[in-house]
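Chemist: Quick one: structure below, then a few questions.
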Amino acid sequence: MQLVLLGAPGSGKGTLAADLKNIYDIPHISTGDIFRRNISNKTELGLKADAYISKGQLVPDDITINMVADRLSEPDCSEGFLLDGFPRTIPQADALNDIMKKLGRSLTAVIDVTISDELVLKRLTNRRVCSNCGLSYNLISMPPKQDGICDKCSGKIIQRKDDSEDTIKKRLETYHKQTQPLVDYYRDIGLIFDVSNEGKPEEAVNKVRKYFE
Ligand code: ADP
Ligand code: ZN
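Per the working numbering, residue 1254 is the first one in the sequence shown, and the count goes up by one each step.
Quick look at the structure:
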């Protein structure tokens, strides 16, 4: 199963991905997580990426595409994968086609997670993440059992730097301009499955499960 998750920042892509990864037993490849790991390890890639991410802009295509091509050629992806946050531009989608061709594979489906901008703003300002395992929480709808501590790994729970209101608005703008055109790109070739994610997280998971049954 080769899956792509599309959706605005704060659409709940990451939470859905964490469930799908377990259900279908495929690696969850989040470009945002890879960038954040590189930023906290202060790698060369991290330093470059941080300059864009902190402003709510996309990391340039060449950097991102090379990073994903490398990741998808690793052995754990040979049975399938779940891409979360890639592609985000038309050139990235074209590059993914080339990567898949080279690997002799094709995409199974592109899941488009939909949500209103108002709800995104509300969710993201209340979002907190585990600094260790990346699990997402929401101060209102999904708080950790113990204040500031991850339920799963006991890591420290933090607010992402790019989850400030101004940067969220900028990310939404970037999404509508650069990523939303991909929905039509994939709809035209019959790969899109739309999932509204304005309710509880498990509702979206169940819709995806049914779709693949
Ligand atoms: P969200 O979907 O909540 O914006 P992500 O964790 O997917 O968060 O991404 C965080 C940031 O990392 C993005 O705002 C962007 O700057 C950068 N990024 C992630 N994926 C890509 C990509 N495919 N191309 C360019 N930049 C990316
Ligand atoms: Zn954790």
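Even for Gly, the Cβ is constructed at its ideal location relative to N, Cα and C.
Is Lys1405 close to ligand 2? I mean its beta-carbon at under 7 Å from any heavy atom of the ligand.
Modeler: Yes, Cβ of Lys1405 sits closer than 7 Å to a heavy atom of ligand 2.
Chemist: Could you tell me whether the Cβ atoms of Val1321 and Phe1339 are closer together than 8 Å?
Modeler: Yes, the pair counts as a contact, with Cβ atoms nearer than the cut-off.
Chemist: Among residues of its own chain, excluding the 5 on either side of Lys1405, which ones have a beta-carbon nearer than 8 Å to its beta-carbon?
Modeler: Within the same chain, Lys1405 has close Cβ partners Cys1383, Cys1386 and Leu1388.
Chemist: Could you have a look at Lys1414 and say whether DSSP puts it in helix, strand or coil?
Modeler: Helix, per DSSP.
Chemist: Less than 7 Å between C-beta atoms, sequence neighbours within five positions excluded: which residues of the same chain meet that for Thr1427?
Modeler: Only Gly1309, Gln1310 and Leu1311 meet the Cβ criterion.
Chemist: Suppose the cutoff is 8 Å on Cβ atoms and the five residues either side in sequence are ignored; what does the same chain contact list for Ile1316 look like?
Modeler: These residues qualify, in order along the chain: Leu1298, Lys1301 and Ala1302.
Chemist: Using CA coordinates, which residue listed in Leu1425, Asn1319 and Arg1380 is at the minimum distance from Gly1267?
Modeler: Per the Cα distances, Arg1380.
Chemist: Under 8 Å between the Cβ atoms of Leu1444 and Ala1362?
Modeler: A contact, by the Cβ cut-off of 8 Å.
Chemist: So what does DSSP say about Met1254, is it helix, strand or coil?
Modeler: Met1254: coil per DSSP, three-state reduction.
Chemist: In chain order, what are the residue ranges of uninterrupted alpha helix (DSSP H) at least 4 long that sit wholly in the segment 1348-1379?
Modeler: Complete alpha helix (DSSP H) runs here, min 4: 1370-1378.
Chemist: Can you tell which of Phe1446, Leu1372 and Pro1454 has its C-alpha closest to the C-alpha of Leu1425?
Modeler: It is Leu1372.
Chemist: Quick one, which of Asp1323, Ile1276, Val1458 and Arg1440 has its alpha-carbon nearest Val1467's?
Modeler: No answer is possible for residue 1467: the residues shown for the chain start at 1254 and end at 1466.
Chemist: In the DSSP assignment, find the unbroken alpha helix (DSSP H) run with Leu1325 in it and report its ends.
Modeler: Unbroken alpha helix (DSSP H) run through Leu1325: Asp1314 to Leu1325.
Chemist: Let me confirm a value: Pro1313 is counted as buried when at least 16 other C-beta atoms fall within 10 Å, else exposed. Which label applies?
Modeler: Burial call: exposed.
Chemist: Counting beta carbon pairs with one atom in the segment 1429-1437 and one in the segment 1390-1401, are three or more of them shorter than 8 Å?
Modeler: With the cut-off at 8 Å, the segment 1390-1401 and the segment 1429-1437 do not touch.
Chemist: Using only the heavy atoms of ligand 1, determine whether one of them is closer than 7 Å to the beta carbon of Ile1306.
Modeler: Within the cutoff, so yes.
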